[in-house]
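Protein chains in written order, with the numbering used here: chain A, 42 to 217; chain B, 596 to 708; chain C, 35 to 181; chain D, 5 to 503. Ideal Cβ placement from N, Cα and C applies to all residues, glycine included. Reviewing the structure listed below.
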């Protein structure tokens with residue numbers, strides 16, 4: 042529990058550095074802090090499947106982002122601290138403080154951490170093995186009980202790839 | 596409860612980045628942070644005190660207390676969706692840089708404001 | 035993208051086969067151990083990405099590779115789609131685990147859990163090829179070459 | 005009921021195979037995509053015989069155990085059927101139109117693949133009875149439309165699409181956060197089951213927080229007024245068929261339908277009492293402000309985009325009234341707006357196809373050269389502005405009567421006023437673009453190919469004839485059952501799970 046909190050605070054610090062650093066490249070590398078801390082959090086939260094996927098996806102995300110930045114520019118855009126900027130930042134801060142404050146109130150009305158009651162998941166846990174024959178309950182959920190979602194998920198990835206290839210093709214419109 | 600609040604704080608930092616930052620790559624970073632925060636939140640929701648990873652082997656009896664596998668399945672999907680969105684955004688950012696030679700939102704016509 | 039030094043290339047040569055093997059293992063044992071089609075597919079994609087990073091993208095005939103990766107991806111997801119509609123063709127349900135219901139197999143063995151391992155294989159192919167084609171499309175992009 | 009998954013399975017399968025086969029034969033994409041959309045339209049029309057019933061189908065055959073559904077439910081009721089009709093008829097028309105229009109662009113197979121994925125996503129959202137499943141299909145639609153908006157990869161398209169993606173991504177993150185808390189609170193993702201649980205819990209702060217997250221998330225997708233800033237960029241920049249699809253269908257399905265389904269059928273207006281007021285406020289705000297902004301536009305497609313926000317405002321206002329008549333007006337206006345707005349965007353596409361120009365001040369006198377486009381766009385404009393006897397008149401009339409009945413006298417006056425403003429800006433667009441003298445540079449233009457004109461005429465006939473749906477015999481077939489679904493409110497759960 043303590044480790045979890047420390048790692049999450051580390052993630053928050055990483056997020057601040059990632060957004061505020063003057064060099065975009067170091068911002069992206071700080072994003073790695075969040076991703077890898079998240080991986081350890083997944084292990085602590087007993088989710089090995091997620092940890093395996095997250096650690097590699099994180100690496101690939103970083104590679105993609107770094108490749109993009111190296112091809113273009115790594116300079117952070119110059120900030121002008123005019124009155125408009127300060128007002129905007131202030132409104133954003135107020136909004137976020139309200140958001141966090143109300144979420145504190147809300148969590149008092151939700152179950153405690155680790156004490157959630159099962160409804161749908163009860164059947165997955167109790168009867169996952171006899172019904173599907175898969176020892177890995179996560180695999181049983183994503184590919185049998187909720188396989189339709191996974192079809193959608195694979196389709197999202199497919200869509201993204203077709204989209205990337207469409208956007209990065211050489212010529213968009215035919216010349217008449 | 597404190598971990599939930601921390602996850603919410605992480606989420607709002609990402610939101611803040613999107614609202615305030617003026618660099619396309621920084622905006623993408625903000626979006627990625629938000630996605631991570633939501634993934635963390637879902638994993639936290641699925642945790643049960645004293646539970647073990649939801650993998651039954653011949654050594655572990657079926658009666659053991661497992662953590663909830665459903666949020667994990669959701670996070671798995673969300674991670675992949677997040678990667679797809681990020682890749683698409685990055686390819687757009689590269690293309691925009693090619694046209695304008697800058698990542699600055701204020702120098703790009705439509706994105707202003 | 036240029037390649038890297040000899041040291042990196044040598045270590046890559048050593049690492050790639052084992053990463054590939056791990057990826058295939060994770061895909062095939064997805065229903066028994068942590069992992070599955072996604073994790074394994076991502077590992078396989080990572081292994082190809084490592085090769086490109088070490089050896090550079092100039093050396094390969096990138097366009098052809100891109101086409102092949104995208105074709106593999108289409109075939110992988112088409113296989114997955116086909117597995118899901120077997121139930122419909124058979125007159126039962128969409129996404130019906132037809133094998134597990136008729137011939138369950140012994141739990142904790144490789145050949146069990148019906149369509150789950152088959153789905154894992156199809157997803158493994160799809161995810162691996164998809165991530166690799168995203169990477170290679172960005173890697174071979176020469177900024178400013180567009181007309 | 006093995007037919008229902010076909011709404012998703014067919015477009016998905018066609019999309020996957022299109023990319024493979026088109027490598028061998030380039031023209032095959034045209035055929036495959038159109039056969040798929042024609043099939044989908046037939047299927048949607050066939051589903052008309054199920055109006056008034058609620059059909060539940062569990063993917064994978066996982067029927068509920070002890071009353072707890074744990075598989076993914078596919079639910080089709082009368083409201084879904086109305087929306088499925090809109091999606092698949094407009095999708096069919098747009099796809100026929102694309103055969104000619106998209107020949108300006110390279111790499112058509114990718115266009116068709118993305119288009120079919122978008123159709124699959126839209127149908128998937130509509131037939132889904134499970135919150136996470138709905139989210140996944142919403143993401144498919146969203147990602148496909150990001151890519152489609154920028155299909156021409158010009159600088160304007162890229163910028164608009166980037167903005168759309170950032171805001172769309174934020175919306176998705178908010179929805180997913182809401183989903184996490186929703187699951188934490190109820191322990192289920194099935195909408196029907198959740199509605200029963202929420203009804204037992206009643207109002208509590210967590211529910212309010214979740215509803216605000218969903219409201220902002222889906223409101224961003226629907227482009228309601230404070231969250232609209234992406235729409236006036238994204239919709240005009242897209243290729244015309246995609247603009248028609250986005251304005252005519254996508255914002256309705258991803259935004260309005262999901263909001264209505266969640267807040268009326270799952271949360272229930274009783275458990276979140278502030279929601280109807282917010283619907284009315286956001287609706288009136290969108291209605292008024294974007295009508296005002298549309299007045300100042302000279303770009304034809306941008307004017308249409310602002311008009312879309314304004315009309316979505318009418319719809320949300322009608323649903324916010326919470327009366328059966330209001331529901332009727334809302335659903336009916338959705339139908340009318342889908343037909344007329346996709347018609348108008350396709351017309352704008354015909355103009356761009358002929359003149360390569362969107363600025364109305366540089367047009368003029370096009371009616372002599374492009375009579376079909378001119379007359380059909382007149383029909384569309386008058387229908388949206390609410391001139392009798394076109395469809396739009398009847399739906400606005402129903403909304404205004406509903407507002408008067410609900411004692412919102414001032415707001416019904418505002419709705420009438422905005423209807424007049426709508427007429428003003430559409431007449432302005434007609435005058436600038438089609439009437440007056442012909443500009444010399446456009447002496448040699450001609451009407452677009454037959455396929456494009458044919459679809460415009462078809463949609464114009466649909467806009468004219470839509471008023472007939474209010475006739476009692478047709479009304480009991482389509483609109484009344486859909487209103488009943490909303491009128492039942494939170495009893496949705498019982499109806500779906502049967503018991």
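> With DSSP run on the structure shown, which of helix, strand or coil describes residue 132 of chain D?
Replying inline: Strand at residue 132 of chain D.
>> DSSP three-state label for residue 707 of chain B, please.
In response: Its pLDDT being 49, under 50, residue 707 of chain B is placed unreliably in this model, and the coordinates cannot settle the point.
> Going along the chain, which residues of the segment 177-202 of chain A sit with their C-beta nearer than 8 Å to a C-beta in chain C?
Replying inline: So the close ones are 177, 179, 180, 181, 183, 184, 185, 188, 189, 191, 192, 195, 196, 198, 199, 201, 202.
> Are the segment 474-486 of chain D and the segment 65-73 of chain D in contact at 8 Å, needing three or more beta carbon pairs?
Replying inline: No: fewer than three Cβ pairs fall under 8 Å.
>> Going by DSSP, what residue range makes up the alpha helix (DSSP H) through residue 224 of chain A?
In response: The structure shown does not extend to residue 224 of chain A, since chain A is modelled only from 42 through 217, so no value can be given for it.
> Looking only at DSSP bridge pairs, what is residue 62 of chain D linked to?
Replying inline: Per DSSP, D/77.
> Who are the near neighbours of residue 453 of chain D in its chain, counting only those whose CB is closer than 7 Å to its CB and skipping five residues on each side?
Replying inline: Taken in chain order, the residues that qualify are 104.
>> So, at 7 Å on beta carbons, what are the nonlocal neighbours of residue 121 of chain C in its own chain, with the 5 sequence-adjacent residues on each side left out?
In response: Excluding the 5 residues flanking it on each side, residue 121 of chain C has same chain C-beta neighbours closer than 7 Å at 127, 128, 129, 130, 132, in chain order.
>> With the cut-off set at 7 Å, would you say residue 142 of chain D and residue 61 of chain D are in Cβ contact?
In response: No; because the gap between Cβ atoms is not below 7 Å, this pair is not in contact.
> Which residues, taken in chain order from the segment 34-64 of chain D, show a beta carbon closer than 7 Å to some beta carbon of chain A?
Replying inline: Listed by position, the residues of the segment 34-64 of chain D near chain A (Cβ gap below 7 Å) are 63, 64.
>> Please report the distance separating the alpha-carbon of residue 439 of chain D from that of residue 371 of chain D.
In response: Taken atom to atom, the span from the alpha-carbon of residue 439 of chain D to that of residue 371 of chain D is near 6 Å.
> Who are the near neighbours of residue 707 of chain B in its chain, counting only those whose CB is closer than 7 Å to its CB and skipping five residues on each side?
Replying inline: Interpretation of residue 707 of chain B is limited by its pLDDT of 49, a score under 50 that renders its predicted location unreliable; no figure is taken from the coordinates.
> Within 7 Å (strictly less), CB to CB, does residue 2 of chain C reach chain B?
Replying inline: Missing from the structure shown is residue 2 of chain C; chain C here goes from 35 to 181 and no further.
>> Is it buried or exposed, residue 29 of chain D, if we count other Cβ atoms within 10 angstroms and call 16 or more buried?
In response: Classification for residue 29 of chain D: exposed.
> Enumerated in chain order, which unbroken segments of the alpha helix (DSSP H) with a length of 4 residues or greater are wholly contained in the segment 128-175 of chain D?
Replying inline: Those alpha helix (DSSP H) runs which fall completely within the segment 128-175 of chain D and span 4+ residues are 135-153.
> For chain A, is any of its Cβ atoms less than 7 Å away from the one on residue 181 of chain C?
Replying inline: Any reading at residue 181 of chain C is ruled out, since the residue's pLDDT is 36, under 50, leaving its predicted position unreliable.
> Going by beta carbon distance, what residues of the same chain come within less than 6 Å of residue 623 of chain B, once the five residues before and after it are set aside?
Replying inline: Contacts found: 684.
>> Quick check on this structure: which residue in A/103, A/151, A/74 has the alpha carbon closest to the alpha carbon of residue 597 of chain B?
In response: Of the candidates A/103, A/151, A/74, the one whose C-alpha sits nearest the C-alpha of residue 597 of chain B is A/151.
> For residue 109 of chain D, which three-state DSSP category applies?
Replying inline: In the structure shown, residue 109 of chain D sits in a strand (DSSP, three-state: E or B).
>> What does the Cβ neighbour count give for residue 457 of chain D, buried or exposed, with the cut at 16 atoms within 10 Å?
In response: By the 10 Å Cβ count, residue 457 of chain D comes out buried.
> Got a sec: which bits of the segment 154-174 of chain D sit with their beta carbon under 7 Å from any beta carbon on chain C, in order along the chain?
Replying inline: Going along the segment 154-174 of chain D in chain order, one finds no residue with a Cβ nearer than 7 Å to chain C.
> How would you list, in chain order, the residues of chain C whose beta-carbon sits under 9 Å from the beta-carbon of residue 650 of chain B?
Replying inline: 66, 67, 68, listed in chain order.
> For the segment 136-164 of chain A, which residues have a CB atom closer than 7 Å to at least one CB atom of chain B, in sequence order?
Replying inline: Listed by position along the chain: 137, 140, 141, 144, 145, 148, 153, 154, 155, 156, 157, 159, 161, 162.
> Would you call residue 235 of chain D buried or exposed, if buried means 16 or more other Cβ atoms sit within 10 Å of its Cβ?
Replying inline: With 16 or more Cβ atoms within 10 Å of its Cβ, residue 235 of chain D is classed as buried.
> Using the beta-carbon of each residue, which ones in chain B are nearer than 8 Å to residue 212 of chain A?
Replying inline: Chain B residues near residue 212 of chain A: none, gap ~13 Å exceeds 8 Å.
> In this structure, what does DSSP give as the bridge partners for residue 116 of chain A?
Replying inline: Its beta-bridge partners are A/64.
> If you drop the 5 nearest sequence neighbours on each side, which residues of the same chain put their C-beta closer than 6 Å to that of residue 669 of chain B?
Replying inline: Closer than 6 Å at the Cβ level, and outside the excluded window around residue 669 of chain B, lie 637.
> Since residue 486 of chain D and residue 335 of chain D are thought to touch, with beta carbons under 8 Å apart, how far apart are those beta carbons, to the nearest angstrom?
Replying inline: The distance from the Cβ of residue 486 of chain D to that of residue 335 of chain D is about 5 Å, consistent with a contact at the 8 Å cut-off.
> When you compare each of D/118, D/479, D/94 to residue 341 of chain D by their alpha carbons, which one comes out closest?
Replying inline: Nearest to residue 341 of chain D by alpha-carbon distance, out of D/118, D/479, D/94, is D/94.
> Along chain A, in chain order, which residues have C-beta atoms closer than 7 Å to that of residue 278 of chain D?
Replying inline: Simply none; closest approach about 14 Å.
> Which class does residue 362 of chain D belong to by DSSP, given the choice of helix, strand or coil?
Replying inline: If DSSP states are grouped into helix, strand and coil, residue 362 of chain D belongs with coil.
>> On the DSSP letters alone, give me the boundaries of the alpha helix (DSSP H) that residue 441 of chain D sits inside.
In response: No alpha helix (DSSP H) contains residue 441 of chain D, which DSSP labels as neither H nor E.
>> Strictly under 7 Å for the Cβ-Cβ distance: is residue 342 of chain D near chain A by that measure?
In response: No, its Cβ sits nowhere closer than 7 Å to a Cβ of chain A.
>> I believe residue 208 of chain A touches residue 687 of chain B by the beta-carbon criterion, under 8 Å. Please report the beta-carbon distance rounded to the nearest angstrom.
In response: With a beta-carbon spacing of about 6 Å, residue 208 of chain A and residue 687 of chain B fall inside the 8 Å limit used to define contacts.
> Tell me the DSSP bridge mates of residue 69 of chain D?
Replying inline: For residue 69 of chain D, which the question treats as bridged, DSSP gives the partners D/72.
> Leaving out five residues before and five after residue 173 of chain A in sequence, what residues of the same chain have Cβ atoms less than 7 Å from its Cβ?
Replying inline: Only 181, 185 meet the Cβ criterion.
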